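Below: the structure, in structure tokens.
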Amino acid sequence: MGNNSDIAIVGHAYRAAGVGRKGLWEFLDEAKCAFSRVPEDRFDQDAFYDSNPQKQGCFATKGAHFLPGDVYAFDAPFFNLRDEEVRAIDPHHRLLLECTFEAAESAGMTLTDLAGRDVGVFSTIGATDYSIQGLLDLPVTTMWTAPGTSGTMFANRLSYFFDLKGPSVALDTACASSTYAMHVACKSLLNQECEAAVVGAASVLLGPEHWVMLDTMGALSPEGKSFSYDHKASGFGRGEGAACFLIKRLDDALEAGDPVHAVIRNSACNHSGRSDGITMPSKDAQIRLLRKVHEGVGLDPANTAVVEGHGTGTKVGDPIEAGAFTEVLGKNRTPDNPLYIGSVKSNFGHLENASGAIAITKALLMLQHGHVLPNANFEKMNPDIVDQEKLTVARKTSPWPKDALKRVCVTNFGFGGSNAAVILDEAPKRTHTMRTHTIINGKSNAPTSSFVDGNGISDGDNSKEHSEAKKLFVFSAKTEESLSAYVNSFTEYLEQAPQDAQFLTDVSFTLGQRRMHHRWRAATMASSVTELQSRLTSLKPAKVKHRVISFVFTGQGAQYAQMASELRHHVFTAAIDQAEMYLRNNGADWSLKAELAKPPAESRIDDADISQPACTAVQIALVLLLQSIGIEPSVVTGHSSGEIAAAYCAGMLSFETAMAVAYFRGRAVTELAHKSTHKGGMAALGVSYSDALALINANTSRDIVIAAINSPQSVTISGDASAIDIIVNEAQSRGLFARKLKVRVAYHSHHMSQVASSYLASIEPFFKKTSHQPRGSDILFISSVIGQSVDSVDAFYWVDNLVKPVKFVDAVSQVVSSFHSIKSTPADQSKTQAVFIEIGPHAALQNPIKQTLSQFYSHANAKHDFFTYAPVMVRGTAADETLLQLAGNLFSLGAPVNLAAINQTSKANALVVTDLPAYSWDKSKRYLREGRAVRKRLNPGLPYNPFIGWKSPHSEGNDVSFRQVFTLDDMPWIRDHTVSGEVIMPMTGFLSMGIEALRMLNPETPETVVISEFYMKRSLEIVEEERVDITTKLQPLVTGADRVSSSVWRFEILSWNKQDDWISHCHGMIEVQKEELSLESPTLKTALSLVHSPNMQESQLFDYIYASEPRESTVYGPAFKSTVAYWEGCG
């Protein structure tokens, strides 16, 4: 057991850039970096990027680290969310829902395990991009917007969906949030405020707003990457990702048999107080934190050899952090025994609120693998880090430091001064407290001879091959697509799986008992990984339906040597032991267990005095076994002697009486075989009842009767052997199916009347004994003697069962008719699956049942797939396999199969496999608010232009506008144009704005741009340090009804200020021409004719012109001294 303060991480799940939700260790092991440009489904990076880091409204970082796939795709039906609602839910919330479910799967806990319990939720509050976008387009606001984007819902939505009744807290301490959340969750557990806790954090980068804010304060790396502790440190790269943990008190986790991924020894948090600046890290605060988290539980800081640090990759922050590590953890370290420091931000960037969560995940993996992971993109230590000889950053995956404890300290610091740390130790070794255990699977597989059913129904080969130990493996999902996807991922997973029997036991235990079972299901069995892989290729998913289960019990004649010998389940063997005792009490001089074990050469199983009680014993043992795995019928019936076990199942006979009825029935038949003067016989005919009756009446006297009506097209005749031969020959001559049965007596005929009295006398005392107390049940018993349901059976009934015909077709039809009267059966029968389970040594009744059901459902205009037939045992197939197959089929239909009982697995002999593939979400549909304004804001369709700015999201129809906000520091060249001492936007600047706007709209740079009808209305004065908000508008020339020009535009340039509101400065027409402009161009000739006149002279000295400008009150700086032609005169 652990210390009272130890906390176990029992489940975890993650999302990481570049890998998604699997392959994290391999990615980190190879020191990869997931950097990329901004994906198109987030926003248009070019529309907000400017290489000038000082440009407000833009960012100067080249990209970040993004999750693969579509972050807006979501499995809404799984979480019972309507389309309208889920569109309003922040993708952060969606990720947390998925990861929480997966963390529970990793812990081997189902929704049922968690629901209604005092489980806390401690989540961070992620970036508010989605909320901001909603506010940008208020008309798309719905009733779901507030709960979909509110910060509190980061935690509360998890508590709501999973029905968790413990504390539910959403925290925001910026970049320290997730480690803070872990700290608060641990304290809540230790304070007994909850019995388990979910800790979750997510980061998704949906819009440019936070990029601009962070870059404006100088936090972002121009490269978009975090060079943690490296000499290239220049700011952090942003990153997406998520991680969720399910934690419990360690003692509770061990007691429950939960997996333990790592142990949290302690956590701590503090604040920097009044430091050098609110966003400046404090070495003193970090030193205090590191001491507090160790000394708080008596841990020696010198024993911590590995640190997963904050490591954002900033010039100032990394040296401060490394200095604190050296001061507390590395004082006595040497170059031969350094302190390992690293940061997952080098791989995935800074996940901000979720950065601590992904760091804890990395630390957990290092502890599990016993290796220290490297930093990505690391070259050499930041030169400002002091005492570098005491520290090392792994460049490749390294063995754990020699003789060092498997311990990692994770640190996390918020830019507002909040600091947090967590210490993790490796998990205690997992062991099986009991490796060997009784299993269902047996290994006695000696071949037996074929035998023909005494009722003329079945035949088959008894031989079977050696059966290895098998387990049942179950799979499920909420949709068929998700189930198929999961099976595929599971098959892939098995490629790396160990070929180990215990591993298979653990997998069956995890899938069956530690995973949630959904409405789409499939199951298979296997005894090896190879067999499991093979069987998975033919898996058939089925959707859970309401089902009515009926047991149909096989009659005499289906027995064979060593039947059921593979069934070693303790429930089954205990029942056989009990049956053996009852038989001994009734005078049997033979051993039931011995007879069931004998090979064919030694077996007397075909003798009626043994076969009848042996079959009943096996059937009753099967009933008890099925009950133990959760399978009970609503209705039962039986064929001939099969009614004995059916009556026991329905609670009409005690176990003792049932064995007596079967035993003395066998004795009576044996007695008849020895004393009868008329040799009896039986035959199976493939004809209807009426055709069989006509055949009998036409060819024989009253020496033959119809002994069993098995199906609409199958009967069994019984009587004098000589008469049977006549009917068989006649039927065969007509081309009809007819086969004589290998029996010594004529069951269900007048022959049996000879022993009726003695049989009655033998069994009647058992019905009068006080020990004969049928237990009663709600199970309906359909008699095949009368073809209807009965409420009780007495001794006389069993005489009738021996003598009278078997009305099996009526009984099966009555079973179907009874379904509508069974509680909870839907009125719409098409929604009900009728399940017929044959209880007996062989699938002897398969054809009669299917033939009867086929006709019944055909009359009801229903399809065959509304019923399912399944035998418990099949001759020639190991009984353990058929039992597993039956259990798998029933599980797929939704029956409450007790998988612990069928596989005989529990926490005592099996472990949760924690690395099984997680649930396969159906991401076929994406959910995104459809607000036009937001779409145009995030994806304006044109890149940012340093001169005219951004394409405005308010551009409507064919009109296009661009907005630029700048100061003279952004465009210093404008300072070179002053008039009367004031900086004035030059007219050429306005003209250039129009030209630049036109160029942005034409993919190919035009050869010539012509501006005409230009009117200057008002100058634009620009004052130092004041922002200029200017808009360039373009409207295409209307050329006809519903037609506009693609080459001629009207343009207008306006500015806005709070004193004058909108001011129009100029407007004109601008046209694209494909021809190259020259002095001979018609357009230029026309323009020049307006300035060429006798009074105009060209070719003045430019120095004279620029020198004379001050006298004219206009001063040109170097940027404007670029005149190439000049005319002067009186035009």
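Residue numbers for the sequence shown, in the UniProt record's numbering: 1 to 1131. Ideal Cβ placement from N, Cα and C applies to all residues, glycine included. Here the structure is a predicted model, which is why all the values come from computation and not from measurement.
Stretch-stretch touch, CB-based, cutoff 8 Å, three pairs: the region 30-38 with the region 63-71 = yes
Three-state class that DSSP yields for VAL793 in the structure shown:
For this step, residue 793 is matched to residue 793 along the sequence shown. Coil.
- Proximity to ALA723 [Cα-Cα], best of THR304, TRP798, ILE696: For this step, residue 723 is matched to residue 723 along the sequence shown. With distances taken between Cα atoms, ALA723 lies closest to ILE696.
>> Quick check: the Cα distance between GLY296 and LEU472, rounded to an integer number of angstroms?
In response: Counting from one through the sequence shown, the residue named residue 296 turns up at place 296. Counting from one through the sequence shown, the residue named residue 472 turns up at place 472. Going from the Cα of GLY296 to the Cα of LEU472 covers about 48 Å.
Let me check one thing: in DSSP terms, what residues is PHE962 bridge-paired to? The residue labelled residue 962 in the question sits at position 962 within the sequence shown. Note: PHE962 sits in a beta bridge opposite LYS951, THR1032.
Worksheet item: With 16 other CB atoms within 10 Å as the buried threshold, where does VAL86 fall?
Response: Sequence index remark: in the sequence shown, residue 86 carries index 86 (1-based). Per the 10 Å Cβ criterion, buried.
- Query: Just reading off the beta strand (DSSP E) that THR746 is part of, what are its end residues?
  - Reply: On the sequence shown, residue 746 is found 746 positions in, with the first residue counted as 1. First, the amino acid is wrong: residue 746 is Ala here, not Thr. Segment: none, ALA746 is in no beta strand (DSSP E) and carries neither H nor E.
Quiz item: Is the beta carbon of PHE1051 less than 7 Å from the beta carbon of LEU1034?
Solution: On the sequence shown, residue 1051 is found 1051 positions in, with the first residue counted as 1. On the sequence shown, residue 1034 is found 1034 positions in, with the first residue counted as 1. Yes.
- request: Measure how close the beta-carbons of PHE122 and ALA155 come, nearest whole angstrom, since I'm counting them as under 8 Å.
  value: Your numbering for residue 122 matches position 122 in the sequence shown. Your numbering for residue 155 matches position 155 in the sequence shown. That pair is a contact at about 7 Å.
_Measuring only the C-alpha atoms, how far is ALA421 from LEU289?_
Locating residue 421 in the sequence shown gives position 421, where the first residue counts as 1. Locating residue 289 in the sequence shown gives position 289, where the first residue counts as 1. Each residue's alpha carbon lies about 7 Å from the other.
Proximity to GLN559 [Cα-Cα], best of ASP609, ARG521, ARG514, TYR648
As a working mapping, residue 559 is identified with position 559 in the sequence shown. Here the closest residue by C-alpha is ASP609.
**Asked** In terms of residue numbering, what span does the alpha helix (DSSP H) encompassing SER611 cover?
**Response** Counting from 1 along the sequence shown, the entry for residue 611 is found at position 611. SER611 -> alpha helix (DSSP H) spans 608-628.
| task | Could you name the residues of the same chain whose beta carbon sits closer than 6 Å to that of SER571, not counting the 5 residues immediately before and after it, in chain order? | result | In the sequence shown, residue 571 corresponds to position 571, counting from 1. In the sequence on display, residue 571 carries Val and not Ser. Excluding positions up to five away in sequence, the list reads LEU624, LEU625, SER628.
Across the region 244-262 and the region 197-215, are there enough close Cβ pairs to call them in contact, namely three or more that are closer than 8 Å? These segments touch.
task = For THR304, collect the residues of the same chain with a Cβ closer than 6 Å to its Cβ; drop the 5 residues on either side in sequence, then sort them by chain order.
result = Position 304 of the sequence shown, counting from 1, holds the residue named residue 304. Closer than 6 Å at Cβ, skipping near neighbours: LEU329, ARG407, CYS409.
Grab me the residues of ARG435's own chain with a C-beta within less than 6 Å of its C-beta, minus the 5 sequence neighbours each way, in chain order. For the purposes of this step, residue 435 is identified with residue 435 of the sequence shown, where counting begins at 1. Residue confidence for ARG435 is low, a pLDDT of 32 falling below 50, so the modelled location carries little weight; the figure read from the coordinates is stated next. Apart from sequence neighbours up to five positions away, no residue of its chain approaches ARG435 with a beta-carbon distance below 6 Å.
Taking C-alpha atoms, which residue in ILE1030, LEU592, GLU495 lies nearest to ALA574?
Residue mapping note: residue 574 aligns to position 574 of the sequence shown, counting from 1. The shortest C-alpha separation from ALA574 is found at LEU592.
- Is the region 390-409 in contact with the region 365-377, if contact means three or more CB pairs nearer than 8 Å? yes
Query raised in the report: CB-CB under 8 Å to PHE490, same chain, minus the five flanking residues each way: which ones, in chain order?
Result: To locate residue 490, count along the sequence shown from 1; it is residue 490. Cβ within range, chain order: PHE475, LEU536, LEU916, PRO917.
Per DSSP, what kind of secondary structure is GLN833 in: helix, strand or coil? In the sequence shown, residue 833 corresponds to position 833, counting from 1. If DSSP states are grouped into helix, strand and coil, GLN833 belongs with the strands.
Does the distance from the CB of PHE236 to the CB of HIS92 come in under 7 Å?
-> The count along the sequence shown starts at 1 and reaches residue 236 at position 236. The count along the sequence shown starts at 1 and reaches residue 92 at position 92. Result no, Cβ atoms of PHE236 and HIS92 do not sit closer than 7 Å.
- Query: When the Cα atoms are used, what is the spatial distance from TRP1056 to GLU389?
  - Reply: Within the sequence shown, numbered from 1, the residue matching residue 1056 stands at position 1056. Within the sequence shown, numbered from 1, the residue matching residue 389 stands at position 389. Going by C-alpha positions, TRP1056 is about 59 Å away from GLU389.
**Request:** Verify whether the separation of the beta carbon atoms of ASP1061 and VAL965 is less than 7 Å.
**Result:** Position 1061 of the sequence shown, counted from the start, is the residue given in the question as residue 1061. Position 965 of the sequence shown, counted from the start, is the residue given in the question as residue 965. No; because the gap between Cβ atoms is not below 7 Å, this pair is not in contact.
According to DSSP, simplified to helix, strand and coil, what is CYS194?
Sequence index remark: in the sequence shown, residue 194 carries index 194 (1-based). For CYS194, the secondary structure class from DSSP, reduced to helix, strand or coil, is coil.
Assigned secondary structure, GLN556 (DSSP; H/G/I helix, E/B strand, else coil):
Stepping through the sequence shown from its first residue, residue 556 is reached at position 556. DSSP places GLN556 in coil when its eight states are reduced to three.
Exercise for review: Can you give me the Cβ contacts of LEU532 inside the same chain, cut-off strictly under 8 Å, excluding the 5 residues immediately before and after it?
Suggested key: To locate residue 532, count along the sequence shown from 1; it is residue 532. The residues are PHE473, LEU494, LEU504, THR524, ALA526.
For MET134, which of VAL1023, GLY989, ARG935, THR988 has the nearest alpha-carbon?
-> Locating residue 134 in the sequence shown gives position 134, counting from the first residue. Strictly speaking, residue 134 in this sequence is Gly, with Met absent from that position. Measuring from the Cα of GLY134, the nearest candidate turns out to be ARG935.
Endpoints, the alpha helix (DSSP H) within which PRO896 is located = By 1-based counting over the sequence shown, the position of residue 896 is 896. PRO896 -> no alpha helix (DSSP H), and no H or E assigned at all.
Next on the checklist: Assuming the contact rule is C-beta atoms closer than 8 Å, MET652 and VAL793 should be a hit. Round their C-beta distance to whole Å, please.
Outcome noted: For the purposes of this step, residue 652 is identified with residue 652 of the sequence shown, where counting begins at 1. For the purposes of this step, residue 793 is identified with residue 793 of the sequence shown, where counting begins at 1. At roughly 5 Å, the Cβ-Cβ gap stays under 8 Å, so MET652 and VAL793 are in contact.
Subject >> Nearest-angstrom Cα separation, counted from ALA708 out to ARG547 >> reply: Counted from its first residue, the sequence shown places residue 547 at position 547. Counted from its first residue, the sequence shown places residue 708 at position 708. Answer to the nearest angstrom: the Cα atoms are 29 Å apart.
Residue from GLY666, PRO805, VAL552 with nearest C-alpha to GLN846
If you number the sequence shown from 1, residue 846 lands on position 846. Nearest C-alpha to GLN846: VAL552.
| query | Is PRO613 near ALA662, with beta carbons less than 7 Å apart? | reply | Position 613 of the sequence shown holds residue 613. Position 662 of the sequence shown holds residue 662. Taking a C-beta distance under 7 Å as the contact criterion, PRO613 and ALA662 qualify as a contact pair.
Check: What's the C-alpha gap between ALA469 and GLU881?
Finding: The sequence position of residue 469 within the sequence shown is 469, counting from 1. The sequence position of residue 881 within the sequence shown is 881, counting from 1. Taking the straight line joining both Cα atoms gives about 9 Å.
Taking the continuous beta strand (DSSP E) assigned at ARG519, which residues delimit it? For the purposes of this step, residue 519 is taken as residue 519 along the sequence shown, with counting starting at 1. That residue, ARG519, is in no beta strand (DSSP E); it is neither H nor E in DSSP.
My guess is that residue 1137 and GLY126 are in contact by the Cβ rule of under 8 Å, so how many angstroms apart are they, rounded?
-> Here the chain covers residues 1 to 1131 and nothing more, so residue 1137 does not appear.
Output needed for ALA542: all residues of its chain with C-beta closer than 8 Å, excluding positions within five of it in sequence on either side, in chain order. In the sequence shown, the residue the question calls residue 542 occupies position 542. Answer for ALA542: TRP520, ARG521, ALA522, SER892, LEU893, listed in chain order.
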